[in-house]
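To start, the structure itself, in structure tokens.
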Amino acid sequence: MPETTARELKLIQYLNEAYGKEKELETALQAHIKMTTRAPYKKRLQEHLKETKAQARALERRIKQLGGKAELGVVAEVADTAQSVANKALSLAKGQMHALRGTGEAEKMLKNAKTEYFNEHEEIATYTAIETLAEALADKDTAKLAREHRRQEERMAAFLERQIPVLTKAVVTEEIPPRERKPATPTRTVRSRSRSAKSGGSTRTARTRTSRAGAA
Numbered sequence: 052m053p054e055t056t057a058r059e060l061k062l063i064q065y066l067n068e069a070y071g072k073e074k075e076l077e078t079a080l081q082a083h084i085k086m087t088t089r090a091p092y093k094k095r096l097q098e099h100l101k102e103t104k105a106q107a108r109a110l111e112r113r114i115k116q117l118g119g120k121a122e123l124g125v126v127a128e129v130a131d132t133a134q135s136v137a138n139k140a141l142s143l144a145k146g147q148m149h150a151l152r153g154t155g156e157a158e159k160m161l162k163n164a165k166t167e168y169f170n171e172h173e174e175i176a177t178y179t180a181i182e183t184l185a186e187a188l189a190d191k192d193t194a195k196l197a198r199e200h201r202r203q204e205e206r207m208a209a210f211l212e213r214q215i216p217v218l219t220k221a222v223v224t225e226e227i228p229p230r231e232r233k234p235a236t237p238t239r240t241v242r243s244r245s246r247s248a249k250s251g252g253s254t255r256t257a258r259t260r261t262s263r264a265g266a267a
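When we follow our numbering, the leftmost residue of the sequence shown carries the number 52, and every step to the right adds one.
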């Protein structure tokens with residue numbers, strides 16, 4: 052059996068970084084989907100979960116083709132050992148998010164979206180690096196795979212960028228009373244300034260008349 056070259060080892064290393072991240076995000080996305088009540092957002096998360104699982108399978112195949120073995124990160128490895136363990140890991144992750152992620156339903160979804168947005172850009176950077184490495188090493192198959200995955204992550208990031216303002220406005224609606232959403236109009240200050248201006252104007256007019264009378 053031929054020895055794995057330095058070229059192949061480096062490609063396998065980068066692909067495994069992406070693989071571990073995709074498997075980790077499978078668990079996070081499943082938790083986020085269960086926490087999401089807004090239909091369009093939930094649907095897109097479900098679609099991206101399918102993409103994420105497909106990406107992990109494609110990465111695993113490519114790693115094997117290069118003579119390597121797909122290796123999981125700690126979180127994903129625990130979740131992959133058995134279904135019962137996966138469910139416990141998912142429940143734990145969900146519980147931790149509920150405990151830490153804000154006071155209301157909308158705010159929890161907003162914070163999840165911000166985390167997802169961060170993760171998408173990390174993945175974009177990862178796949179950009181893989182694509183560049185593969186092109187430099189004349190590995191067209193790996194470059195094509197990385198490019199396809201990068202574009203999927205870019206589309207998801209663009210969706211989240213549009214979703215974050217929507218979710219932020221939902222937090223305002225859910226948690227801020229209508230009377231507090233705009234600052235109170237400082238009516239007394241305006242009236243008092245208006246009176247001062249009128250009083251000052253009257254004084255200036257009287258002084259002007261007095262001066263003219265004295266001159267005459």
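Virtual Cβ for every residue (Gly too), placed ideally from N, Cα, C. Remember, predicted model here, so these are calculated numbers, not experimental data.
When the distance is taken between beta carbons, is Glu77 closer than 9 angstroms to Lys120? If you number the sequence shown from 1, residue 120 lands on position 69. If you number the sequence shown from 1, residue 77 lands on position 26. No; because the gap between Cβ atoms is not below 9 angstroms, this pair is not in contact.
Distance, Glu122 Cα to Lys74 Cα: Counting from one through the sequence shown, the residue named residue 74 turns up at place 23. Counting from one through the sequence shown, the residue named residue 122 turns up at place 71. Distance between the alpha carbons of Lys74 and Glu122: 10 angstroms.
Determine the direct distance from the alpha carbon of Lys72 to that of Glu174, and round the result to whole angstroms. Along the sequence shown, one-based indexing puts residue 174 at 123. Along the sequence shown, one-based indexing puts residue 72 at 21. Rounded to the nearest angstrom, the two C-alpha atoms are 8 angstroms apart.
Classify Ala105 as helix, strand or coil using the three-state DSSP reduction. In the sequence shown, residue 105 corresponds to position 54, counting from 1. If DSSP states are grouped into helix, strand and coil, Ala105 belongs with the helices.
Helix, strand or coil at Ile181 according to DSSP, with G and I counted as helix: Position 130 of the sequence shown, counted from the first residue, corresponds to residue 181. Note: Ile181 maps to helix in three-state DSSP.
Going by beta carbon distance, what residues of the same chain come within less than 7 angstroms of Leu196, once the five residues before and after it are set aside? The residue labelled residue 196 in the question sits at position 145 within the sequence shown. The answer, listed in chain order, is Ala109, Arg113.
Determine the contact status of Gln214 and Tyr92, defining contact as a CB-CB distance below 9 angstroms. In the sequence shown, residue 214 corresponds to position 163, counting from 1. In the sequence shown, residue 92 corresponds to position 41, counting from 1. Yes, the Cβ-Cβ distance between Gln214 and Tyr92 is below 9 angstroms.
Give the DSSP-derived three-state secondary structure of Thr193 in the structure shown. Residue mapping note: residue 193 aligns to position 142 of the sequence shown, counting from 1. Three-state DSSP puts Thr193 in a helix.
One question on the structure: do Glu102 and Tyr70 come within less than 9 angstroms of each other, judged by their Cβ atoms? Numbered from 1 along the sequence shown, position 51 holds the residue referred to as residue 102. Numbered from 1 along the sequence shown, position 19 holds the residue referred to as residue 70. Against a cut-off of 9 angstroms, the Cβ pair of Tyr70 and Glu102 comes out as no contact.
Rounded to the nearest angstrom, what separates Tyr178 and Lys220 at their Cα positions? By one-based count along the sequence shown, residue 178 stands at place 127. By one-based count along the sequence shown, residue 220 stands at place 169. Roughly 32 angstroms separates the two Cα atoms.
When DSSP labels each residue in this structure, what does Glu77 get in the three-state scheme? If you number the sequence shown from 1, residue 77 lands on position 26. Here Glu77 sits in helix by DSSP.
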